[in-house]
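Residue numbers (our numbering), protein chains in the order written: chain A, 36 to 216; chain B, 2 to 391.
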Amino acid sequence: MRFYYKIILAYFLILYCFSYSFGQNNNIEETKFQIYSIFIYNFSKYIQWPDNYNSDGDFTIAILGDSKIENELKKLASIRKVNGRNISIEIYKSVKDISDKGSHILFIPSESSNSLSEVLKKTNGTSTLIVTDKDGLGKTGSLINFVYQNGKPTFEMNLQALSKRSFKYEQQLKAIAVVIN
Amino acid sequence: MIYRALILLSLLTLIIYPSKAQIQLVDKVYEFLENKDLDKAMTAIDLAKDHATTKNDQRTWYLRGYIYKELFKANTEKSSYRDVAYESLKKSISIDPNGRYVKDCEAVIEYLNYTYYDEAIVNFNDQKHEAALKAFEKFFTVKVKPELQEYVNSAYYYAGISALILDKSKDGKKYLEEALRLGFRNSSLYTELILIYQKEGEKEKAKNLINLGSKEFPEDMSLKITEINYFLEVQNYPEAEKSVELYLQSDPNNIDVLLVAGTVYGRLMVMEGVDKEKYFQKRLNAYKSILKFDRENFMANYNIGITFYNRAVDIIGEQTKTYEVDIFEFSELLNKVTDLFKESLPYIEKAEKLAPKNKNALLALEGIYYNLNDKNKLQEVRAKLAKINN
Chain A
36 MRFYYKIILA YFLILYCFSY SFGQNNNIEE TKFQIYSIFI YNFSKYIQWP DNYNSDGDFT
96 IAILGDSKIE NELKKLASIR KVNGRNISIE IYKSVKDISD KGSHILFIPS ESSNSLSEVL
156 KKTNGTSTLI VTDKDGLGKT GSLINFVYQN GKPTFEMNLQ ALSKRSFKYE QQLKAIAVVI
216 N
Chain B
2 MIYRALILLS LLTLIIYPSK AQIQLVDKVY EFLENKDLDK AMTAIDLAKD HATTKNDQRT
62 WYLRGYIYKE LFKANTEKSS YRDVAYESLK KSISIDPNGR YVKDCEAVIE YLNYTYYDEA
122 IVNFNDQKHE AALKAFEKFF TVKVKPELQE YVNSAYYYAG ISALILDKSK DGKKYLEEAL
182 RLGFRNSSLY TELILIYQKE GEKEKAKNLI NLGSKEFPED MSLKITEINY FLEVQNYPEA
242 EKSVELYLQS DPNNIDVLLV AGTVYGRLMV MEGVDKEKYF QKRLNAYKSI LKFDRENFMA
302 NYNIGITFYN RAVDIIGEQT KTYEVDIFEF SELLNKVTDL FKESLPYIEK AEKLAPKNKN
362 ALLALEGIYY NLNDKNKLQE VRAKLAKINN
């Protein structure tokens, strides 16, 4: 019998996969839309609608066309209220679907930006807060327009357009916005 | 051939005179053995085992067993010699009512038994695992003296390893468990068994072995790594953190373990009720330690970038759990988030430079440019991604 022998060991070293997946989600737009939905909810707190404007029922946030912001806004609607009112989310496939009664907020995603002038026309006479997402739209009549400054998301406030639709707003809001007179 | 024929002729002359044949044939066998002439001894004993006067003699069969054992010893490749030896010795014992040759037979049998062990070990060391396993399995069927039990115990371990290498995981598990049961102790026995249990989802058994193994081999690095893997597998990140940090105390520059540490801190970061900022920093530090001695490490660069990126994403995600954040506070948070995206950028750009076709690096770049609203760069990276996807 041999008492000495060499041993060849089969090492099963680290089996664990080291790579850590990119992001916590696969949808790169998700963070942007989360930011927008937080802003939109805050607009409902810092902007005042005329007293008699759609004062019954839910606080309505509408979206023009398909947009992934829908999921975020629905999540918001499921957990928050505006002045004790439930939030309801409406989707308008096209401008002609926009209710004559008007919504409290209408978000126009960048893909539907070309419809801005049509939307302004259609909602003229209502206090619908038009919120857009494309460079330059703040100067062309959008009431609030999301923009980026040095990579930071923020928003433009078109003061004239806001007052034309009888909106009042907390002065502090202007402090963090890019103001367009 | 002629030589062998002459031996046969001279031996046959002995058989012509039956009265003397038995003694003379056997004496001849002894003589041949003394002269170390195994061929002649074999021929003589093979004649004797068929001759009427010697075929029922226990001594004939004992001698045959002994001679074939010697033949096998001289030529271990020829296992048929060993088989004949076994067969002859067993026959001798069976026709020896007074037990005259039993002890001698048993001694030779015992020797033969151990040749299976030797054969197995030689094959194991030569990485001939098929042959090794076969010999180990033969060895398991024989009786071994209690004082040599430790060789049986180790044989089960090596047989288990051979079986695993041959992808016979069921046998591998069976032999390793037997080795453990018999008291064989070796850190890699624990490692292998823990991996098997993990693979088979036997979490409780894996956990028990980790506890036992860590107590017996507290300094063993491969066992530590197995332990870390186990905790990651069962998503017990606080324990994984302890293990990984203990490991890094003795081997602080181990890139693989530093990467695992980063993963562990990353998992802890997304757990409820933990100090996210603390784990964010620990994660960054783990990856940055790698860059201190390997600046070109893709995984470290990529993971630092991802750590910054994910932190930014998480900060926003946290706010949407309640939407309670005030717009002014939120604006401040957005400064921080933007900085995090910006901090992630050079690391991911470096990773992309190191591995230009790595899809994950390009996807990460796409995410950063998107969130920083850098439309030109976004377009460039999307063009690269499109090329890869095509």
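All residues carry an ideal CB built from backbone N, CA and C; glycine is no exception. These numbers come from a predicted model, not from an experiment.
- With 16 or more neighbouring CB atoms inside 10 Å of its own CB, N114/B falls in the buried class.
- Contact with chain B is absent for Q83/A, since none of that chain's Cβ atoms lies less than 8 Å from the residue's Cβ.
- Of E148/B, S290/B, K29/B, Q236/B, the smallest CA-CA separation from I256/B is found for S290/B.
- Unbroken beta strand (DSSP E) runs of no fewer than 3 residues, entirely contained in the region 115-155 of chain B, are not found.
- Assignment of L155/A by DSSP, reduced to helix, strand and coil, places it in the helix class.
- Look at I68/B: its C-beta is not under 8 Å from any C-beta on chain A.
- Between the beta-carbon of A313/B and that of V338/B there is about 5 Å, and that keeps the pair under the 8 Å contact cut.
- Under a 10 Å Cβ-count criterion, Q69/A is classified as buried, with 16 or more other Cβ atoms of the shown protein chains found around its own Cβ.
- Taking a 10 Å sphere around the C-beta of N304/B, we find 16 or more other C-beta atoms and assign the residue as buried.
- Proximity of Y324/B to chain A, defined by a Cβ-Cβ separation below 8 Å, is satisfied.
- Note that the region 93-100 of chain A touches the region 126-135 of chain A; at least 3 beta-carbon pairs, one per stretch, sit closer than 8 Å.
- According to the DSSP secondary-structure assignment, T95/A is paired through a beta bridge with S123/A.
- By the neighbour-count criterion, in which a residue is buried when 16 or more other Cβ atoms sit within 10 angstroms of its Cβ, S145/A is exposed.
- Around the C-beta of T142/B, fewer than 16 other C-beta atoms lie within 10 Å, and the residue is accordingly described as exposed.
- In the structure shown, P347/B adopts helical secondary structure according to DSSP, grouped into three states.
- Closest in C-alpha terms to Q207/A, from the list D58/B, E344/B, E330/B, comes E330/B.
- Beta-bridge analysis with DSSP links Q83/A to K203/A.
- Considering only beta carbons, no part of the region 116-139 of chain A lies closer than 8 Å to chain B.
- Secondary structure at I96/B: coil, using DSSP grouped into helix, strand and coil.
- For K243/B, the uninterrupted alpha helix (DSSP H) run begins and ends at 238-251, by DSSP.
- At a cut-off of 8 Å between beta carbons, P144/A makes no contact with chain B.
- Annotated three-state conformation of N106/A is helix, per DSSP.
- DSSP, reduced to helix, strand and coil, places T167/A within a strand of the structure shown.
- Among the CB atoms of chain A, none fall inside 8 Å of the CB of Y31/B.
- Cβ-Cβ separation between Y71/A and F181/A: approximately 6 Å, consistent with a contact (criterion under 8 Å).
- Judged by DSSP in its simplified three-state form, E353/B adopts helix.
- N89/A sits buried, since 16 or more C-beta atoms from the chains shown fall within 10 Å of its C-beta.
- Under the three-state reduction of DSSP, F74/A is assigned to helix.
- For E191/A, the uninterrupted beta strand (DSSP E) segment begins and ends at 187-193.
- Contact between G66/B and V109/B is confirmed by a C-beta separation of about 6 Å, below the 8 Å threshold.
- Taking a C-beta cut-off of 7 Å against chain A, the contacting residues of the region 332-359 of chain B are S332, L335, N336, T339, F342, K343, listed in chain order.
- With its beta carbon at least 8 Å from every one in chain A, Q150/B lies outside the interface.
- In this structure, V214/A places its C-beta atom within 8 Å of the C-beta atom of L194/A.
- DSSP places N180/A inside the beta strand (DSSP E), whose first and last residues are 179-184.
- For V109/B, no CB of chain A lies under 8 Å from its own CB, so it is not counted at the interface with that chain.
- Contact annotation: L48/B and A42/B have beta-carbon atoms that are not nearer than 8 Å.
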